[in-house]
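**Student:**
Residue numbers (full-length UniProt numbering): 1 to 247.
#1: Excluding sequence positions up to five away, which residues of its chain have a Cβ less than 6 Å from the Cβ of residue 65?
#2: Quick one: Cα of residue 133 to Cα of residue 219, how far?
#3: Near residue 199, which residues of its chain fall below 6 Å by C-beta distance, leaving aside the five closest residues on each side in sequence?
#4: Give the straight-line distance between the Cα atoms of residue 91 and residue 227, rounded to the nearest whole angstrom.
#5: My understanding is that residue 189 touches residue 214, with C-beta atoms under 8 Å, so please give their C-beta distance in whole angstroms.
#6: Does the contact criterion of 3 or more C-beta pairs under 8 Å hold for the segment 106-120 versus the segment 68-85?
#7: Measuring only the C-alpha atoms, how far is residue 180 from residue 33?
#8: Which residue's Cα is closest to the Cα of residue 233: 70, 202, 142?
#9: Classify residue 154 as buried or exposed, calling it buried when 16 or more other Cβ atoms lie within 10 Å of its own Cβ.
#10: Helix, strand or coil for residue 50 per DSSP?
#11: If you compare alpha carbons, which of 225, 52, 223, 104 is closest to residue 152?
#12: Considering residue 146, what are the terminal residues of the alpha helix (DSSP H) in which it resides?
#13: Kindly examine the ligand MN and report whether one of its heavy atoms sits closer than 8 Å to the Cβ of residue 197.
#14: In angstroms with no decimal places, state the Cα-to-Cα distance between residue 119 and residue 135.
#15: Sort 238, 56, 38 by Cα distance to residue 230 and report the nearest one.
#16: Please identify the residue among 71, 69, 162 whose C-alpha is closest to the C-alpha of residue 60.
#17: Assign residue 228 to one of three DSSP states: helix, strand, or coil.
Below is the structure:
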């Protein structure tokens with residue numbers, strides 16, 4: 001490995017940039033001005049893209065969350081009538097750059113679901129072994145099966161979007177235990193703010209093996225734009241209605 005003494009200093013890096021951007025006969029102050037302008041333009045583009053994405057999140061998630069509050073109340077009642085315990089499920093998830101946050105969902109499983117997971121590990125149907133999925137998971141309640149199929153269990157994550165922990169569109173946030181099993185390339189999913197919906201969510205969801213989910217997430221990260229987000233939000237509607245790959 002390269003020692004700290006062998007790394008190029010700030011001065012040598014500046015000299016490299018000066019040579020790269022130099023033009024015959026141009027003074028050094030003009031070259032530095034051009035370098036500064038390029039750096040400023042890059043920062044402006046990155047930050048403006050983030051602000052547009054954040055504005056879209058607030059403008060859509062805020063009003064939708066308020067409109068759905070009466071339905072949330074009915075769901076809380078239905079969940080608690082079938083299975084005693086809190087209707088809202090809180091889970092630790094990993095966000096952008098490994099930041100830990102609490103994600104909210106409507107509870108779709110019995111209260112002892114996490115304890116029973118170890119017993120069912122051998123029946124995991126998700127290729128790759130990092131995430132756990134079963135089409136007929138015995139830990140899921142009857143109302144839970146319905147809200148999962150219709151993706152209603154994810155609606156409390158609108159609050160995560162409002163808070164800024166999540167975005168409407170982005171890779172799904174993993175649990176810490178899954179991140180522990182990530183390869184270096186898998187960790188690219190953590191380069192952006194996680195979202196409620198993403199490319200693989202509208203392309204088959206749990207039917208898509210984990211390695212392919214990572215590929216689709218990386219594709220989104222490399223080509224993300226406001227138009228891409230709007231298109232994925234639109235495609236989420238039929239994906240939810242038909243419930244393909246939701247279990």
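Each residue gets a CB set at the ideal place from its N, CA and C atoms; glycine is no exception.
**Tutor:** Let's see:
#1: 158
#2: 23 Å
#3: So the list reads 216, 220, once near-sequence residues are dropped.
#4: 31 Å
#5: 6 Å
#6: Taking a cut-off of 8 Å for Cβ pairs, the segment 106-120 and the segment 68-85 touch, as three or more such pairs fall below it.
#7: Distance from the CA atom of residue 180 to the CA atom of residue 33, rounded to whole angstroms, is 45 Å.
#8: 202
#9: buried
#10: helix
#11: 104
#12: 142-149
#13: This structure lacks the ligand MN, and indeed carries no ligand of any kind.
#14: 16 Å
#15: 56
#16: 162
#17: helix
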